[in-house]
Each structure stands twice: as C-alpha cells, then as structure tokens.
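First up is the structure itself, then whatever we jot down about it.
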Amino acid sequence: MFEASLAQSAILKKVLDAIKDLLNEANFECTDDGIKVQAMDNSHVSLVSLELRSDGFEKYRCDRNLSMGVNLASMAKIMRCSSNSDKVTIKAQDDNPDKVSFIFESSNQERISDYEMKLMDIDADQLGIPDTEYSCVVKMPSAEFARICKDLNQFGESLVISCSKEGIKFSTSGDLGSANVKLAQTTDADKDDAVTIEMRSPVTLTFACRYLNHFTKATPLSSQVQLSMSDEIPLLVEYRIGDMGCIKYYLAPKIDD
Amino acid sequence: TPIQNDLQEFYALV
Numbered sequence: 001m002f003e004a005s006l007a008q009s010a011i012l013k014k015v016l017d018a019i020k021d022l023l024n025e026a027n028f029e030c031t032d033d034g035i036k037v038q039a040m041d042n043s044h045v046s047l048v049s050l051e052l053r054s055d056g057f058e059k060y061r062c063d064r065n066l067s068m069g070v071n072l073a074s075m076a077k078i079m080r081c082s083s084n085s086d087k088v089t090i091k092a093q094d095d096n097p098d099k100v101s102f103i104f105e106s107s108n109q110e111r112i113s114d115y116e117m118k119l120m121d122i123d124a125d126q127l128g129i130p131d132t133e134y135s136c137v138v139k140m141p142s143a144e145f146a147r148i149c150k151d152l153n154q155f156g157e158s159l160v161i162s163c164s165k166e167g168i169k170f171s172t173s174g175d176l177g178s179a180n181v182k183l184a185q186t187t188d189a190d191k192d193d194a195v196t197i198e199m200r201s202p203v204t205l206t207f208a209c210r211y212l213n214h215f216t217k218a219t220p221l222s223s224q225v226q227l228s229m230s231d232e233i234p235l236l237v238e239y240r241i242g243d244m245g246c247i248k249y250y251l252a253p254k255i256d257d
Numbered sequence: 258t259p260i261q262n263d264l265q266e267f268y269a270l271v
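Chains as they are written, first to last, in my numbering: chain A, 1 to 257; chain B, 258 to 271.
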C-alpha cells in the first residue's frame, strides 16, 4: 500500500511542468523516506534528479518500496484536471502496482474526483553521481536565470558560462551577432534577488542553451536557483521545492574537439 | 565548434 497526500496540487503540477518536457517517462521510486526520480533525457545529455521527502507530505504511507513507471505526459494530463488549491492523494494498492490513482478534493470537500493511470515497465539506466566539491557555486534569482537563458537562446545554440570573483558572465554568439550578460555579486545575500558566488577557482564552461531553457521550467518552484560548476564536468542546476525536497538537473558540457 | 558530451562519459552506470 502506497498513499501520499499534498495539501495543494499546485506544487505537484509545478514539479511535473519542470520535468515533462525533458523526459517522456520515468520511474518514481517510493520508499519510507519519500519519492525519488532519476532519469536521463533521450539523448543522454541531461539528467533530472527529483526528491520529495516524506515529511513534506500532509500524509505519507509506504509499506514496501515500490517503483512506479510513469508516462509523464499522461500524468500531466491528469494533473491538469485538478485545481491548484485541491488536495491531491496518490494511491497504489499493490506492492507491484500496474496502476496508480490520483484523488483530487476541493478545499470545501464538495468536489471529489479520481483518476486512474496505467503504469509502465521502464528499464532505465541509473547513473551514480558522486558528491562533488565544485569550483564555483552561484546562487541567483531563478527568474533572472530564466530570462538570460531565454534572451541568449535567440543568438546561438551554445552558451558560455564564466564565473570568477567579479561575478558570473553568460555569453553566446551566432549569425545574428553576439550577446553577453554579466551579473555582479550583490551585497545582501539574504534577499530573494541576491546573487552570491562561492569560488575556489574560476571556471569557464560551454553548454547547449536548449537544455538550460528546459531547466528553467522549474522557475515557479523557487525564487532562487543554484548553479554548481567545475571545469570539464557536468553543470548542476538546483531548485528547492519548499522544505520538502529539490529538483536537480545535470548537463554535460560541450568540450572543444 | 565544441562537441556535446554524453553524461555517461562523466558518470558510471550503477
């Protein structure tokens, strides 16, 4: 028996919006600790790692560890049937379920709807990602990061991110011309619009702008985003999901031939 | 032109 309830479906809708364009399907691994998803996109360039801790749910019960293979487009269709303020309960009866139920309850309890979704068998590769001490860790407003990725995507396919003590610079060039956006570290680190940089050594890396734009679909989840970088290893882009977990995106760098 | 790498070049399968 698996059962997990959230007071408002909005958070689950936002989580799904943050991953459904990158991934077609994924295994939701449910344990007593919570729900985890780790999946690569089809081209093996990026990876999504999602964690929702059990203590962040209004109600959470997981008698046995189970893996639910989910078609994310199907789940998104079902989640769109809920109102943002609905309470949502995810329920699977068996230890090895072939279907999962979503129950939406309006705040006044006058409307209750339930949707059953077929599960899939997904044979997915899992990557072991070691704990890494990155050369640069940048925290910045998530809306600013989304704006930069969107603006610079018009100029070129590749985005160069350079981080030093002075700040972080995003650069691109293409047929139209070139573009640079520099952000300096701000003085007040506690504010939502703060830019903070922890640096061991300066870093310059090149990434496919298209994937960065996909990652920014998580912007509604958090006012801040954290970028962790070291030379010649994948970028880590991390958004917190309130106090209940986080969504991490890893993106393989482009390296000179 | 820089070449796009595969994530599996950085992280091993488990």
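Think of the CB as a built atom: it goes at the ideal place given N, C-alpha and C, for glycine as much as any other residue.
If you're wondering where the values come from, they're calculated on a predicted model, not measured in any experiment.
- With the rule of 3 Cβ pairs closer than 8 Å, the stretch 55 to 63 of chain A does not count as touching the stretch 71 to 84 of chain A.
- Counting other Cβ atoms within 10 Å of its Cβ, S201(A) stays below 16 and is therefore classed as exposed.
- Non-local C-beta neighbours of C209(A) in its own chain, meaning closer than 8 Å and more than five positions away in sequence, comprise C149, L152, N153, G156, E157, S158, L159, T172, ordered along the chain.
- The beta carbon of L72(A) is closer than 7 Å to those of L16, I19, K20, L23, N24, E25, A26 in its chain, skipping five residues each way along the sequence.
- Between V225(A) and I161(A), the alpha-carbon positions lie close to 15 Å from each other.
- The residue from P234(A), E110(A), Y115(A), N42(A) with its alpha-carbon nearest to that of A76(A) is Y115(A).
- Each residue's CA atom was taken as its position, placing M199(A) and V137(A) some 7 Å apart.
- Ranked by how close their Cα comes to the Cα of Y249(A), the residues T186(A), N213(A), L236(A), M120(A) have L236(A) in first place.
- Residue nearest to M120(A) within the set S67(A), F104(A), A184(A), S223(A) is S67(A) (criterion: CA-CA distance).
- The DSSP-derived three-state label of A194(A) is coil.
- Identification of chain B residues near A39(A) by a Cβ-Cβ cut-off of 8 Å yields none; the smallest Cβ-Cβ distance measures about 11 Å.
- At a beta-carbon threshold of 8 Å, none of the residues of chain B lie near H214(A); the nearest stands roughly 14 Å away.
- Pairing N262(B) with K87(A) gives a Cβ-Cβ distance that is not under 9 Å.
- Beta-bridge annotation (DSSP): A39(A) is paired with V48(A).
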